[in-house]
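Participant:
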Amino acid sequence: MGKTAYINDQLFEIQDGETILSFVRRHIGKDIVPTLCDAPNLDPFGACRVCSVDVALVKDGPAKAQASCHTPVIGGSFIYTDSERIKRLRKNIIELVLTDHPLDCLTCEVNNNCELQTVAAKVGIRDVRYPAGKNHLDKKKDLSHPYMTSDFSKCINCGRCVRACDEVQGEMVLSMAGRGFDSHIVKSFNDNFFESDCVSCGACAQACPTSAISDVFESKSIVADKKVRTICTYCGVGCNLDVAVVDGKVKSIQAPFDAEVNQGHTCLKGRYAFSFYNHVDRLTTPLIRKNGKLEPVSWDEAYDFIADKLTSIKATYGPDSISGISSARCTNEENYLMQKFFRAVIGTNNIDSCARVCHSPTAMGMQRAFGTGAATNSVIDLNYTDAIMIIGANPTDAHPVTGAKLKQFAMKGKTTIVIDPRRTEIARYATHHLQLKPGTNVALLNMMLFYIASSGLEDKKFIESRTEGYDDFKKQILSIDIDQMEKITGVDRNLVKDAAMSYAKAPNAMSYHGLGVTEHSQGSYTVMLISDLAMITGNIGRRGVGVNPLRGQNNVQGAADMGCQPHQGAGYLNSYDPEINKLYESFYGRKIPIGKGLKIPEMYDASIAGNLKAMWLMGEDLVQTDPNTTVVIAAMKNLELLVVQEIFMTETCHYANVILPAATFFEKSGTFTNGERRIQRVQKVVEPIAGTKSDGDIMVDILNKMGYPQAPYDPDTMLQEISKIVPFFAGVTWQNLAENGKQWPVLPDGTDTEILHIDTFKRGLGKFHYFDWKESEELVKNGKQYPYIVTTNRELEHYNAGTMTRRTGNVDILTEDVIMIHPQDAATHFIEEGDMVCVESPRGKVDIKAKITDEVKQGVLSTTFHFPDLTLNMITSSERDSEAMCPEYKIVAVNIRKSKGKYKEKV
Amino acid sequence: MSKNLSDLARRKGLEKNLFEELGKAAVQTGTPELDEMAKLCDEFLVGKSTVYGTVSFYDFLRPENKGKKVYVCNGSACLTAGTQTELKTKLRSKFSAQEVGEMCCLGRCHENSAFHVNGTNYSGSDIDSIDSICKKDHHTKELYHVGSIGTPILTIAQPPVEEYYKIYEKVIATDPLVCLAELKDSGLRGRGGAGFSMAFKLESCRNVEDDMKFIVCNADEGDPGAYSDRYVMEQRPHALLMGMMIAGYITGASVGVVYIRGEYPESVTIISDAIKLLHDKKFLGNNILGTNFNFDFKVIKAQGAYICGEETALLSSIEGQRPEVRVRPPYPTQKGLFNKPTVVNNVETLANLPFIMQNGGKKYASIGTAKSTGTKLISLDGHFNRPGIYEADMGTSLRVIIDELGGGFRHPIKAMHIGGPLGGLVPLAKIDSLTVDFDSFAKEGFLLGHASVVCIPEDYPLIDYIEHLFRFTSHESCGKCFPCRLGSTRGYEMIDKARNTDYKMDRQLMDDLLETLETGSLCALGGGLPLPIKNALKYFDSELAPYFKK
Ligand SMILES: Cc1cc2nc3c(=O)[nH]c(=O)nc-3n(C[C@H](O)[C@H](O)[C@H](O)COP(=O)(O)O)c2cc1C
Ligand code: SF4
Ligand code: SF4
Ligand code: SF4
Ligand code: SF4
Ligand code: FES
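Those protein sequences? They're chains A and B, same order as listed.
FYI, the numbering for the first sequence is 8 to 914, going by my numbering.
FYI, the numbering for the second sequence is 52 to 601, going by my numbering.
Right under this line is the structure:
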């Protein structure tokens, strides 16, 4: 036994460095010592003092009252949790609190769910003896915000909200103001929630022990029929959510503190943006286009129609005239079924997923460098690293919960390298911001690699024992022309050198990248250079290091894992390899195609060329989200059959022959795999609204309909099937995923893997690649005539095309897309804040409202595409990554001018 | 306290820091404008609420300070001297009601009638020259006695700088561990109130490995009635500065921060000038006098908040955070200013170091008592015949101080409030059982504290005085912990009501309140208030009885 101390005269073991509170709670129970200002995810604060206990250093010796939440246990001490004096103290403190608290519990939002109420009852307070005095009872409610609410007459000044906003979200919207009795919570400059800088993460509301800060859903206090734990459907962070259900409806969402992914935190999308699920716009019946009009039909009619059509198209044009695109928003099981349907039933490898348009270069590049196209490490590794490099990613908007953790890291002043054309939120706090010209990632990374290779900071041992190709690589990298690269990137070489040195010298360094890396013509190359950086510095295979793509969508990892790409079947097995083909054939009991399948951009080309006749989309809005809309529409129009599974009538639906109303993530079970390879359980929270079916049910129906017997959709049985064919799912079962999921590869005995490539790479040795920087064709062809570059970005409040988030309160927070313009550029074109700007590319033009900011450099513009009105993809190009065919969303050559005509009115 | 804010402040450093910038932004109008604050948020990477929260904390930054032109002292000494009502009347002939603010103790407790105009303090008969003061052609005629009994350390005349700094030259040529050993031998205890061993603090800080450490001088002497730190800064600045430099040498810190209360504008000027002189003499900078010791100073002028004298609040203040008291651990010596190892010591404590280094720790320890070594400065208020600053060996009897140094009382008094607002209320009958040292006061149920003496005249109602103490605490409470934030105000309200209406206080409730403050408060502001109140209830029971229910 290590160090010990007594609690109420009983001896217990102390954990190193623990507080009296945690010591007592661990050994004799959570509710023994009351607290008000303490919270599980916040640092001790010591404000309320009701956690006080008596501590004596010798038995029956003089005792001192100590606040247990922040006082470490002393070995051999005698702790008394409920001495008479302590009971009196607690009661007297609560009495004081109640002198400035409305006594209207019965009508309070959090009645029966209020920590103050609980503690007051526990200490047995009967009446308040003080004469009436100053108070804060006249504070007005703040109902200005679509989600956040406050009623500071209920505030007990515990400071939990302030700390949540600071320590968890890192936003510092809340503070105490004034002092002494006058102390009160303010938002920003004493604004209301709506005017404040609040990003609506809800951490403060969840932290607040009373109803002083809450939300419109009354998340804290809702008395639910049941609470179901599931996984957020938005981004690849994969936050766990506790969903409260009343009368079969989703009422509110909270974040479980024990979730390994998000530890009680979420962003506003996960916590508040759920009302889309039963929005009136939901599709509730299958539709078939008859005489040019979509008409409601029964499921049977829809299935008959589809089956007939597919059979005849297949008979006439062959299986390769049909293609499918699955969705990274759907579960692993659904994705698996869709690729199974295409391969085993249709007989084509023409199956792709939206991973194509975001992280396909990551998969490609990392597979070539390491052998596995997935994050090498976990988010928790942030606690063990000394330096981070964030390239082409804006996590505080796109991956908010991980973004908040990265921001916390950067705020501490630890080495943070941001490589981004935009001064992103984290760039503000970064120690190094390399604000390069869009499209020059390769040049910039080459510079960094040059400086590391030429300064002797390589990890020679690692390179020697774990990698191949370094000598060639080194020769090439040392021959780059730094002068030229400096000009190309527009970044001072000394800044680049400093950053490279910091990365190389850090004992442990992690890199994170996003779509600013992948959505370029040299996307896969960039990923391989990032891998080079990790290898040259030996930052692979242990805690706190690695290459960590921030996967965009909730299940973009899973869609690829499950085989929704033409060249790789379930489990990344090469679908063009005859041996593997045999394996698939015996597993599926059908003939499995071996011929090359189409990637998404190739599908458009094939349709326009008349070779592709039918397309099946599972939850994809190609027209809105894929680049060069004109081309996409032409491709859609040229099809004989377009089947769309959707929850809403999207832009793409307008071109569909058949629409199948699908269910949302609340209405089904399955698994999502987050950006750190964590397979987590999505659990059905409510029944699908009438008329809809889950994508899994739809796939099972059509498999059966077209002659392939498939058991009813059920994640448990599906995982049994998947674990037999996907090697890294070998030990996955629905039961053993439990609360916090498992990170693949999962061995047959169920052990999972936090860190990849510990002793060897998946491909044996890690491979160095060198690439010359090459100007994007878009700029080569059009740069002269269209001298500005538009790059695309995302805003926190909306998710991609906004199909879901625009049908929630988020739309009241962020109402439109804007284009960021440097003040100098704005001046050149006489553009003022809020003016409509006509942005014209070789392909078309759009009008967007100007936001003048030095977040972007001169010559660079940045905009979002969350609102369909904008049709930004009218101007984006068909350029794509040379390897993975991921579209180049991040570079569009444009010209700008102040809008004329109808848009002028809008100003 | 926010770790993030400490780390963000560290990045910006001391040279241009948020707290000072807010002070500058308030100079014109008395409070920073919002657009000014917004710019600072951007520059210092903090939230708007952060800056708003900070600004609204300080007397001289908060929006209510807007338009104030003259400040009248409302400290205990001026209060019991009864000079301030007349002073205010006189000032009102020159200033409108909105232009007159309050300040708590300008360190002119020896002659009272203290007020502050245009960044300068005045007292005594200065008010009679208010016209010239407004025209800025009046110099204060302030005068106080300085004297000693026993071994003068801080009241002895200071030699010329070159000569005096020979001590320093010797120190930085000596092994820091040897210096630390001398300090240990000296037994020096903190003079800021708590009497904590200085050597222990320096040693813990020294033992933390870090290339950034700080020596912070707590010159926020907030106790109304105390002005001995002010004396040291203005009359013996080099004792303090050299003390900090030596502390830096011992701990491995290369930056000293002198945090001086805004109510002492003259101290700020004198200390800043003294630092300039040290630069000229090459006693500061890098590789000082050819050694590898580096040291430099930063002077920070505070903005009016008593709690900033509490060391952790003080650190947050320098960082531009709200000066709310922090929980311990971590202790400042582990994670102090900017989350870096920091020693915080009082002015007087630090000013003793040169003597100890010059004469040896044992010599110092031979002065005073076994547990309270050395001397103590004592501030006597205007009720004495010879008000001023006196230095006495620890252990000197209180009677000697009062009669021989102070020359006795000018008029009948009934009690002395010794050791600041949180010190004990000593009835005259207790004088002979007290000697000036930590233990004697503690044994008798009082507190030596910073050893200021504020007299309560015979005719001054004690109920008024305890109301003043509660009001002071409720005004100065940082508001963080529940007992003090709520309790100080409720206590004030009760007494106020009992004083002004026929409401009678419930003794049980008062006892409960005092117990709650004493055992529950996070720091010694809320925790210390009960001491003088309990003294009052004990020694002046009959005077206070009418205000309580029978
Ligand atoms: C409410 C409060 C006010 C204080 N004010 C002062 C002060 O004005 N000056 C000071 O030196 N110490 C003050 N202290 C004590 C400091 O917290 C700290 O103990 C002291 O600066 C340590 O220095 P020392 O060891 O040299 O005394 C105060 C403490 C409290 C709780
Ligand atoms: S919702 Fe989040 S950002 Fe907004 S105030 Fe609360 S904690 Fe801060
Ligand atoms: S709003 Fe809630 S969390 Fe914030 S201080 Fe008040 S009671 Fe505590
Ligand atoms: S961070 Fe991502 S996963 Fe988490 S709540 Fe937000 S959108 Fe959902
Ligand atoms: S006792 Fe008063 S001053 Fe001290 S921490 Fe508590 S509220 Fe702040
Ligand atoms: S100057 Fe007024 S109390 Fe000290």
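Glycine included, every Cβ here is placed at the ideal spot set by N, Cα and C.
What you are looking at is a predicted structure, and each value in this text was computed from that prediction instead of being measured.
If you follow the beta strand (DSSP E) that S151/A is part of, which residue opens it and which one closes it?
Facilitator: In the first sequence, counting from the first residue as 1, residue 151/A sits at position 144. Neither: S151/A is in no beta strand (DSSP E) and is coded neither H nor E.
Participant: Looking at the secondary structure, which residues open and close the beta strand (DSSP E) in which V395/B lies?
Facilitator: Mapped onto the second sequence, residue 395/B falls at position 344. Residues T393 to N397.
Participant: What does DSSP give as the partner residues of A251/A in its beta bridges?
Facilitator: Here residue 251/A corresponds to residue number 244 of the first sequence, with the count starting at 1. In DSSP, A251/A forms a bridge with K234/A and S259/A.
Participant: According to DSSP, simplified to helix, strand and coil, what is R159/B?
Facilitator: On the second sequence, position 108 is the one that residue 159/B refers to. R159/B: coil per DSSP, three-state reduction.
Participant: Go through the stretch 721-763 of chain A residue by residue and report every complete run of the alpha helix (DSSP H) that reaches 4 residues or more, in order.
Facilitator: 722-732 and 741-744
Participant: Can you tell me where the beta strand (DSSP E) with N902/A in it begins and where it stops?
Facilitator: What you label residue 902/A is simply residue 895 of the first sequence in a count that begins at 1. Here the beta strand (DSSP E) through N902/A covers V899 to K905.
Participant: Alpha carbon to alpha carbon, how far is S518/A from V552/A?
Facilitator: As a first step, residue 518/A must be located in the first sequence, where it is residue number 511. As a first step, residue 552/A must be located in the first sequence, where it is residue number 545. If you take the alpha carbons of S518/A and V552/A, they lie about 7 Å apart.
Participant: Quick check on T106/A - is its C-beta less than 9 Å from some C-beta in chain B?
Facilitator: On the first sequence, position 99 is the one that residue 106/A refers to. Taking Cβ atoms only, chain B reaches closer than 9 Å to T106/A, which makes this a yes.
Participant: Taking the Cβ atom as the reference point for each residue, do S75/A and T114/A lie within a distance shorter than 9 Å?
Facilitator: Position 68 of the first sequence, counted from the start, is the residue given in the question as residue 75/A. Position 107 of the first sequence, counted from the start, is the residue given in the question as residue 114/A. No.
Participant: Which value, in whole angstroms, describes the spacing of the CA atoms of E912/A and F655/A?
Facilitator: Translated into the one-based positions of the first sequence, residue 912/A becomes position 905. Translated into the one-based positions of the first sequence, residue 655/A becomes position 648. Low local confidence applies: a pLDDT of 47 at E912/A is under 50, so the model's placement there is unreliable, with the coordinate-based value given in what follows. Their backbone Cα atoms lie some 31 Å apart in a straight line.
Participant: Evaluate the contact criterion for the stretch 256-275 of chain A versus the stretch 399-412 of chain A: three or more CB pairs, one atom per stretch, below 8 Å.
Facilitator: Short answer: they touch.
Participant: State the CB to CB distance for the pair C165/A and A54/A, rounded to an integer number of angstroms; the pair is presumed to be in contact (CB under 8 Å).
Facilitator: Along the first sequence, read from residue 1 onward, the residue named residue 165/A stands at position 158. Along the first sequence, read from residue 1 onward, the residue named residue 54/A stands at position 47. Contact between C165/A and A54/A holds, with the beta-carbon distance rounding to 6 Å and staying under 8 Å.
Participant: Would you tell me roughly how many angstroms separate the C-alpha atoms of V914/A and K858/A, rounded to the nearest one?
Facilitator: Position 907 of the first sequence, counting from 1, holds the residue named residue 914/A. Position 851 of the first sequence, counting from 1, holds the residue named residue 858/A. Unreliable placement is indicated for V914/A, whose pLDDT of 38 sits below 50; the coordinate value is still reported in the next sentence. Rounded to whole angstroms, V914/A to K858/A spans 13 Å at the Cα level.
Participant: On the CB-based measure, 16 or more other CB atoms within 10 Å of its CB, does H190/B come out buried or exposed?
Facilitator: One-based indexing of the second sequence puts residue 190/B at position 139. That one is exposed.
Participant: Output yes if chain A places a C-beta closer than 9 Å to the C-beta of R550/B; else output no.
Facilitator: Counted from its first residue, the second sequence places residue 550/B at position 499. No, no contact with chain A.
Participant: With a cut-off of 8 Å, do at least 3 Cβ pairs link the stretch 281-296 of chain B to the stretch 315-327 of chain B?
Facilitator: yes
Participant: Pairing CB atoms from the stretch 814-824 of chain A with CB atoms from the stretch 891-904 of chain A, are three or more of them under 8 Å?
Facilitator: no
Participant: For G152/B, does the three-state DSSP call read helix, strand or coil?
Facilitator: One-based indexing of the second sequence puts residue 152/B at position 101. The answer is strand: DSSP assigns G152/B an E or B state.
Participant: Are the CB atoms of R684/A and W751/A nearer to each other than 9 Å?
Facilitator: What you label residue 684/A is simply residue 677 of the first sequence in a count that begins at 1. What you label residue 751/A is simply residue 744 of the first sequence in a count that begins at 1. Result yes, Cβ atoms of R684/A and W751/A sit closer than 9 Å.
Participant: Please return the same chain residues whose Cβ sits closer than 7 Å to the Cβ of D592/B, not counting the five positions on each side in sequence.
Facilitator: Your numbering for residue 592/B matches position 541 in the second sequence. Contacts found: none.
Participant: Quick one: list the residues of chain A neighbouring M545/B, beta-carbon separation under 9 Å, in chain order.
Facilitator: For the purposes of this step, residue 545/B is taken as the residue at position 494 of the second sequence. Y137, P138 and G140, listed in chain order.
Participant: So which residues of chain A does H190/B contact, with C-beta pairs closer than 8 Å?
Facilitator: On the second sequence, position 139 is the one that residue 190/B refers to. Result: empty, since nearest Cβ-Cβ is about 35 Å, beyond 8 Å.
Participant: When the cut-off is 9 Å and only beta carbons count, does C129/B lie next to chain A?
Facilitator: Taking the first residue of the second sequence as 1, we reach residue 129/B at position 78. Not an interface residue.
Participant: So does T240/A have its beta carbon nearer than 8 Å to some heavy atom of ligand 4?
Facilitator: The sequence position of residue 240/A within the first sequence is 233, counting from 1. Flag set: Cβ of T240/A near ligand 4.
Participant: Does chain A have any CB closer than 9 Å to the CB of D182/B?
Facilitator: By one-based count along the second sequence, residue 182/B stands at place 131. No, D182/B does not count as interfacial toward chain A.
Participant: Considering D444/B, what are the terminal residues of the beta strand (DSSP E) in which it resides?
Facilitator: Indexing the second sequence from 1 puts residue 444/B at position 393. DSSP places D444/B in the uninterrupted beta strand (DSSP E) bounded by G439 to D444.
Participant: Between which two residues does the beta strand (DSSP E) containing F85/A stretch?
Facilitator: Numbered from 1 along the first sequence, position 78 holds the residue referred to as residue 85/A. Note, F85/A: beta strand (DSSP E), F85 to Y87.
Participant: For L340/B, name the three-state secondary structure that DSSP assigns.
Facilitator: Mapped onto the second sequence, residue 340/B falls at position 289. Note: L340/B maps to helix in three-state DSSP.
Participant: Assuming A6/A and T637/A are in contact, meaning their beta carbons sit under 8 Å apart, how far apart are those beta carbons, in whole angstroms?
Facilitator: No answer is possible for residue 6/A: the residues shown for chain A start at 8 and end at 914.
Participant: I think F778/A touches M542/A, with their Cβ atoms under 8 Å apart; what is that distance to the nearest whole Å?
Facilitator: The sequence position of residue 778/A within the first sequence is 771, counting from 1. The sequence position of residue 542/A within the first sequence is 535, counting from 1. The Cβ separation is near 15 Å, so there is no contact.
Participant: By DSSP's criteria, E124/B is part of a beta bridge. Which residues make up the other side?
Facilitator: Here residue 124/B refers to the residue found at position 73 of the second sequence. Strictly speaking, residue 124/B in this sequence is Cys, with Glu absent from that position. Partner(s): M154/B.
Participant: Output yes or no for whether 9 Å exceeds the beta carbon distance between M88/B and I218/B.
Facilitator: To locate residue 88/B, count along the second sequence from 1; it is residue 37. To locate residue 218/B, count along the second sequence from 1; it is residue 167. No. Outside cutoff.
Participant: From S472/A to D478/A, what distance separates their C-alpha atoms?
Facilitator: Here the question's residue 472/A lines up with position 465 in the first sequence. Here the question's residue 478/A lines up with position 471 in the first sequence. So the alpha carbons of these two residues sit roughly 13 Å apart.
Participant: Report the neighbours of K99/B on chain A: residues whose CB is nearer than 7 Å to its CB, in chain order.
Facilitator: Within the second sequence, numbered from 1, the residue matching residue 99/B stands at position 48. Under the 7 Å cutoff, chain A gives S195, F196 and D204.
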